[in-house]
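Asker:
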Amino acid sequence: MFGDESYSQFVGFLKISLPLAALALMSTVFLFARSPSQENAIPYAELEEIAAEARLSGARLSGIADDGSVIEVNARHATPQGNILSVEAMTASIESVDGTLIEISSGGGEINNTERTARLTGLTRLDTSNGFEMETAGITANLTTGRIVSDGALEVQTPFGALTAGQLIVETPNSTNGQVMLFQNGVRLVYTPQQ
522 MFGDESYSQF VGFLKISLPL AALALMSTVF LFARSPSQEN AIPYAELEEI
572 AAEARLSGAR LSGIADDGSV IEVNARHATP QGNILSVEAM TASIESVDGT
622 LIEISSGGGE INNTERTARL TGLTRLDTSN GFEMETAGIT ANLTTGRIVS
672 DGALEVQTPF GALTAGQLIV ETPNSTNGQV MLFQNGVRLV YTPQQ
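First residue of the sequence shown: 522, per our numbering; consecutive thereafter.
Spelled out as structure tokens, the structure:
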């Protein structure tokens with residue numbers, strides 16, 4: 522009998538003490554909660570700007586060109602403006618049928634859905650799987666044919682030396698299996714013999 526009575530008293534004690542303990546914990550959460558600091562707060566004007574424009578994060582576009590090359594374009598952020606998609610931190614890769622891979626990166630650019638082109642602007646870097654490293658002021662890539670044209674002069678590091686040219690065109694002629702890189706408009710090569 523005594524055991525049952527102490528059990529009942531213990532349960533009665535818990536019925537009162539547990540809700541009080543929970544109430545005490547909840548009150549400390551609100552009591553010690555900090556208001557957001559100025560560093561972490563997002564200004565209302567910025568929030569309105571973000572909410573007003575349609576924006577995609579981690580945008581990705583891929584497909585196969587007419588010559589069989591696999592094309593993939595990625596961007597950190599993309600903002601649609603009609604038929605044009607403005608992008609930030611843009612990268613693209615083109616893998617030709619013969620296995621040559623061209624990787625392209627740029628700070629920004631745009632994809633024109635009507636013309637099926639990607640235009641990378643600002644400092645643009647091209648790296649190929651056969652050892653070419655290039656930098657130029659921007660390029661335009663045709664997403665249908667896989668043709669790449671630089672906007673202007675470029676500097677190139679090759680397996681056989683350093684090269685400068687006024688323009689680069691990368692394309693896949695119908696008579697060949699792989700891509701052809703055409704350097705033109707004042708080409709200068711400093712040949713470094715392999716040891």
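Beta carbons are placed, not taken as given, at the ideal position from N, Cα and C, and that holds for glycine.
CB-CB under 8 Å to A683, same chain, minus the five flanking residues each way: which ones, in chain order?
Answerer: Working through the sequence shown from its first residue, we reach residue 683 at position 162. E676, V677, L710, V711 and T713.
Asker: Nearest by alpha-carbon distance to A596: which of S583, I632 and A610 is it?
Answerer: Start at 1 with the first residue of the sequence shown, and residue 596 comes out as number 75. Of S583, I632 and A610, the residue nearest in Cα terms is A610.
Asker: Using 10 angstroms around the beta-carbon of D525, count the other beta-carbons present and answer buried if the total reaches 16, otherwise exposed.
Answerer: Taking the first residue of the sequence shown as position 1, residue 525 is located at position 4. With fewer than 16 Cβ atoms within 10 Å of its Cβ, D525 is classed as exposed.
Asker: Can the beta-carbon of A662 be found less than 8 Å from the beta-carbon of A639?
Answerer: Within the sequence shown, numbered from 1, the residue matching residue 662 stands at position 141. Within the sequence shown, numbered from 1, the residue matching residue 639 stands at position 118. Their beta carbons are under 8 Å apart, which means A662 touches A639 by this criterion.
Asker: What first and last residue would you give for the beta strand (DSSP E) that runs through A510?
Answerer: Residue 510 is absent from the model: the chain starts at 522 and stops at 716.
Asker: To which residues does DSSP link M702 through a beta bridge?
Answerer: Here residue 702 refers to the residue found at position 181 of the sequence shown. BP columns for M702 point to V691.
Asker: When the distance is taken between beta carbons, is V618 closer than 8 Å to D587?
Answerer: Here residue 587 refers to the residue found at position 66 of the sequence shown. Here residue 618 refers to the residue found at position 97 of the sequence shown. For D587 and V618, no; Cβs fall outside 8 Å.
Asker: How many Å lie between T600 and V550 at the Cα?
Answerer: Along the sequence shown, read from residue 1 onward, the residue named residue 600 stands at position 79. Along the sequence shown, read from residue 1 onward, the residue named residue 550 stands at position 29. When rounded, the distance between both Cα atoms is 40 Å.
Asker: Using 10 angstroms around the beta-carbon of R581, count the other beta-carbons present and answer buried if the total reaches 16, otherwise exposed.
Answerer: Here the question's residue 581 lines up with position 60 in the sequence shown. That one is exposed.
Asker: Run through DSSP, which three-state label would T665 get?
Answerer: Residue 665 sits at position 144 when you count from the first residue of the sequence shown. Three-state DSSP puts T665 in coil, outside helix and strand.
Asker: Once the 5 residues before and after T649 are set aside, which same chain residues still bring their CB inside 6 Å of it?
Answerer: On the sequence shown, residue 649 is found 128 positions in, with the first residue counted as 1. Excluding sequence neighbours, T649 sits near I623.
Asker: Considering Cα atoms alone, identify which of G667, E656, L641 and G603 is closest to I585.
Answerer: In the sequence shown, the residue the question calls residue 585 occupies position 64. Out of G667, E656, L641 and G603, G667 has the C-alpha closest to the C-alpha of I585.
Asker: Note the first and the last residue of the continuous beta strand (DSSP E) segment covering N595.
Answerer: To locate residue 595, count along the sequence shown from 1; it is residue 74. Note, N595: beta strand (DSSP E), V591 to Q602.
Asker: So for E533, helix, strand or coil by DSSP?
Answerer: Within the sequence shown, the letter at position 12 stands for residue 533. The sequence given here places Gly at residue 533; Glu does not occur at that position. Reduced to three states, the DSSP call for G533 is helix.
Asker: Is it right to say I632 is buried, meaning 16 or more other beta carbons lie within 10 angstroms of its own, or is it exposed?
Answerer: Your numbering for residue 632 matches position 111 in the sequence shown. Classification for I632: buried.
Asker: Cutting at 6 Å between CB atoms, please list the residues of its own chain near A674, excluding the five before and the five after it.
Answerer: Position 153 of the sequence shown, counting from 1, holds the residue named residue 674. Here the set comprises G687.
Asker: In whole angstroms, give me the CA-to-CA distance for R637 and I605.
Answerer: Within the sequence shown, the letter at position 116 stands for residue 637. Within the sequence shown, the letter at position 84 stands for residue 605. Each residue's Cα considered, the two are about 10 Å apart.
Asker: S627 to L644, Cα distance in whole Å?
Answerer: Against the sequence shown, residue 627 aligns to sequence position 106. Against the sequence shown, residue 644 aligns to sequence position 123. Using only the alpha carbons, I get a separation of about 6 Å.
Asker: Report buried or exposed for S548, applying the criterion of at least 16 other Cβ atoms within 10 angstroms of its Cβ.
Answerer: Position 27 of the sequence shown, counting from 1, holds the residue named residue 548. Exposed, because fewer than 16 other Cβ atoms sit within 10 Å of the Cβ of S548.
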